[in-house]
Amino acid sequence: MSEYALRRAFWWEGEWRGKPISCFDTEEKAVCKVGEKMAAFYVFDTPHGVYLRPEIKLVDDWIKVAYRGGDS
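Per my numbering, the very first residue in the sequence shown carries number 2; after that it's consecutive.
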């Protein structure tokens, strides 16, 4: 991981599917602890915010983890 990517990384905590989730997010990937299990997510930086999507194909949820501008 480059120094630039590491400077843009952030930590996010919330809830997903009724379980606590803690994620270390970088530009392209996030590693998260969901309940007691670890999971990998893709990171999408859009004009509306930053979203996570699980790498596993069985789940098609998008999790909004950061907002842009006047979005709330």
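Ideal placement from N, C-alpha and C gives every residue a C-beta, glycine not left out.
Spatial neighbours of Ile57 within its chain, please: C-beta separation below 6 angstroms, excluding the five flanking residues on both sides. None.
Out of curiosity, what's the CA-to-CA distance linking Ala41 and Glu16? Rounded to the nearest angstrom, the two C-alpha atoms are 16 angstroms apart.
What three-state label does DSSP hand Arg9 in the structure shown? In the structure shown, Arg9 sits in a helix (DSSP, three-state: H, G or I).
Close beta carbons around Val35, own chain, < 7 angstroms, minus the five adjacent residues each side: Counting only Cβ-Cβ distances below 7 angstroms, and skipping sequence neighbours, we find Trp17, Lys20 and Ile22.
Cβ of Lys30 within 8 angstroms of Cβ of Val51? No, they are not a contact pair.
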